[in-house]
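**Q**
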Amino acid sequence: MPTTLNSIAKQGANGVAMMPIIQGVGRAAIEIAAVLRGAVFRGVLGGAGSENVQGEQQQKLDVLSDEIFLEEMRSTGFVCAVGSEEQEELLVIDEYAHADYVVLVDPLDGSSNLDVDGPVGTIFSVVRRKTANSDYPHVSDTLQSGRNVIAAGYVLYGPATMLVCSVGDGVHGYTFNPSAARFELSHANIRIPAKGGYYSVNEANKSSWLDGMGDNLDRMKDETGLGMRYVGAMVADMHRTLLKGGVFLYPADNKNTTGKLRLLYEAIPMGFVMEQAGGKSMSNGIHVLDIEPEALHQRVPVYLGAAANVDSLLG
Ligand code: AFP
Ligand code: FBP
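Heads up, the final residue of the sequence shown is numbered 499 in the numbering used here, and it's a clean run with no missing numbers.
(1) Can you give the Cα-Cα distance for P321 and H282, rounded to whole angstroms?
(2) Spell out the partners DSSP gives V419 in its beta bridges.
(3) Should E279 be counted as a contact of the ligand AFP given a C-beta to heavy atom distance under 8 Å?
(4) Is it buried or exposed, P303, if we count other Cβ atoms within 10 angstroms and call 16 or more buried?
(5) Within a Cβ cutoff of 8 Å, which residues of the same chain sit near V351, ignoring the five residues on either side of it in sequence?
(6) Could you work out which residue in A217, V263 and T359 is closest to A372 when comparing CA atoms only?
(7) Hey, how far is the Cα of L410 from the Cα of G380?
(8) Can you say whether S496 is buried or exposed, counting buried as having 16 or more other CB atoms within 10 angstroms of its CB?
(9) Closest to R483 by C-alpha separation, out of L445, A461 and S465, would be which residue?
(10) Measuring CA to CA, which of P291, L245 and Q238 is closest to E272?
(11) Could you pull out every unbroken alpha helix (DSSP H) segment of at least 4 residues lying fully inside the segment 413 to 459, listed in chain order?
(12) What's the C-alpha gap between V287 and D406?
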């Protein structure tokens, strides 16, 4: 009998509490994957004609994925609020405003890949609210460092749909089995290989990187001899880095002077997974998980991967 998402209940101290939320992520992933597969026939490819809070053009599928994810979090009954990359403000689930958990999500990461049928993903993390359960949830509930994350992970919509997550007891990968209509454990206890793999970065930006990162990258390439791969969807680039080894980076540059990737929706969840898999995640000279967030849509530089490669890059 294959091991399903229910097995999360047996993982570590947080498994039982996190199982309903991760099952909700799984249901959202199944729906989003179906919408992605049929998007061209339903006329939902292309721009939605709106901008998100980052000033980026929203795709129709960004908006749809956001709605699906929010609805699935609501249906768990355990989530009082959701902070989404696609929403300016914290979304409080009024019906369950006294529930314990807050979820942060990038519902459809890498959406510039949609027009070319490239891989995209969903990234999420869960924290316990800071305000009292009797209070109305507040944005301060989301502004917690990665050390407070209880569960985090991502869904990769690739040739197969995979849900990779951690509840603080290692990293486990579940693949959607279409014949059984459920996620089944396919990658137990993922550990990033200490050696080998690839470096992954938009090297076209090299001349505008800040903090001497161009020279650092050249040195790391000489030291490690790594090859290069870059998809431009963090979930896909992270997943390859996790399974094959190497390093993923998105440095600050002249255009994105504090970095491009979002601390709460991308850096912290991926940093949590990377560290749970034995890797390392750094930003501005400290561990990503030690950053104290100041704003919902804050951006940071990101360096994550096998510890030796991250050290070689930043050393
Ligand atoms: P989109 O969701 O707007 O496509 O952004 C994806 C992303 O935030 C992240 O998934 C990638 O790692 C990064 O942007 C790619 O950025 P570049 O296009 O600047 O390389
Ligand atoms: P595989 O099918 O063995 O992965 O090879 C893929 C490929 O032939 C092309 O699809 C791809 O553009 C190229 O190799 C990548 O080569 P490199 O590893 O030298 O960047």
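Built from N, CA and C at the ideal position, the CB exists for glycine as well.
**A** Result, derived from the coordinates:
(1) Looking up residue 321 in the sequence shown gives position 137. Looking up residue 282 in the sequence shown gives position 98. C-alpha separation (whole angstroms): 8 Å.
(2) Against the sequence shown, residue 419 aligns to sequence position 235. The secondary-structure analysis by DSSP pairs V419 with nothing; it has no beta-bridge partner.
(3) What you label residue 279 is simply residue 95 of the sequence shown in a count that begins at 1. E279: no, Cβ never under 8 Å from the ligand AFP.
(4) Stepping through the sequence shown from its first residue, residue 303 is reached at position 119. Burial call: buried.
(5) Along the sequence shown, read from residue 1 onward, the residue named residue 351 stands at position 167. So the list reads I192, Q195, G196, N198, G199, M202, I206, I334 and A335, once near-sequence residues are dropped.
(6) Residue numbering aside, residue 372 sits at position 188 when the sequence shown is read from its first letter. With distances taken between Cα atoms, A372 lies closest to T359.
(7) Walking along the sequence shown from the start, residue 410 turns up at place 226. Walking along the sequence shown from the start, residue 380 turns up at place 196. Rounded to the nearest whole angstrom, the C-alpha separation of L410 and G380 is 7 Å.
(8) The count along the sequence shown starts at 1 and reaches residue 496 at position 312. Counting C-beta atoms within 10 angstroms of its own C-beta, S496 has 16 or more neighbours from the protein chains shown and is therefore classed as buried.
(9) Indexing the sequence shown from 1 puts residue 483 at position 299. For the set L445, A461 and S465, the Cα lying nearest the Cα of R483 is the one of L445.
(10) The residue labelled residue 272 in the question sits at position 88 within the sequence shown. Checked all of P291, L245 and Q238; the closest Cα to E272 is Q238.
(11) Correct list: 418 to 428.
(12) Working through the sequence shown from its first residue, we reach residue 287 at position 103. Working through the sequence shown from its first residue, we reach residue 406 at position 222. Roughly 41 Å between the two C-alpha positions.
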